[in-house]
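In this note's numbering, the protein residues as written are 5 to 85.
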Amino acid sequence: MLSGQPVKLFVKAKPASREAGVKKIDDNNFEVAVKEPPVQGRANEAIVNALAEYFGVARGRVRIVAGHTSRQKIVEIQDPA
5 MLSGQPVKLF VKAKPASREA GVKKIDDNNF EVAVKEPPVQ GRANEAIVNA LAEYFGVARG
65 RVRIVAGHTS RQKIVEIQDP A
């Protein structure tokens, strides 16, 4: 999926979930459940970590572009190559 240019994903966040995981809806839409609560950016941090692990990229290559305080987020992932 990653092709040399930054990829923008639309993410529906599910903070304070019982089980953590990344669910692919289609090519650009994902649902990310994390156990951390949406307090002091902890859920956002967990979402970035979960997506970095899911795509096999360094954590620094994943950043939330929009929706820091919303459940609907736009996340950009830089290609590792």
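Glycine included, each C-beta is placed from N, C-alpha and C at the ideal position.
Every value quoted in this text rests on a predicted model; they were computed, and no experiment measured them.
Could you spell out where the alpha helix (DSSP H) holding residue i opens and where it closes?
| i | result |
| --- | --- |
| Val15 | From DSSP, Val15 is part of no alpha helix (DSSP H) but of the beta strand (DSSP E) over Val11 to Lys18. |
| Ala56 | Arg46 to Phe59 |
Between residue i and residue j, what straight-line distance do the alpha-carbon atoms span, to the nearest angstrom?
| i | j | result |
| --- | --- | --- |
| Val66 | Tyr58 | 11 Å |
| Val43 | Phe34 | 22 Å |
| Ile81 | Glu23 | 24 Å |
Per DSSP, residue i forms a beta bridge with which residues?
| i | result |
| --- | --- |
| Lys28 | Phe34 |
| Gln82 | BP columns for Gln82 are empty, so no partner. |
| Lys39 | BP columns for Lys39 are empty, so no partner. |
In or out: residue i buried (at least 16 other Cβ within 10 Å) or exposed?
| i | result |
| --- | --- |
| Ala85 | Caution applies to Ala85, whose pLDDT of 41 falls short of 50 and renders its modelled position unreliable; the value that the coordinates give is listed next. It counts as exposed. |
| Lys28 | exposed |
| Asn32 | exposed |
Terminal residues of the continuous beta strand (DSSP E) containing residue i?
| i | result |
| --- | --- |
| Ala70 | Val66 to Ala70 |
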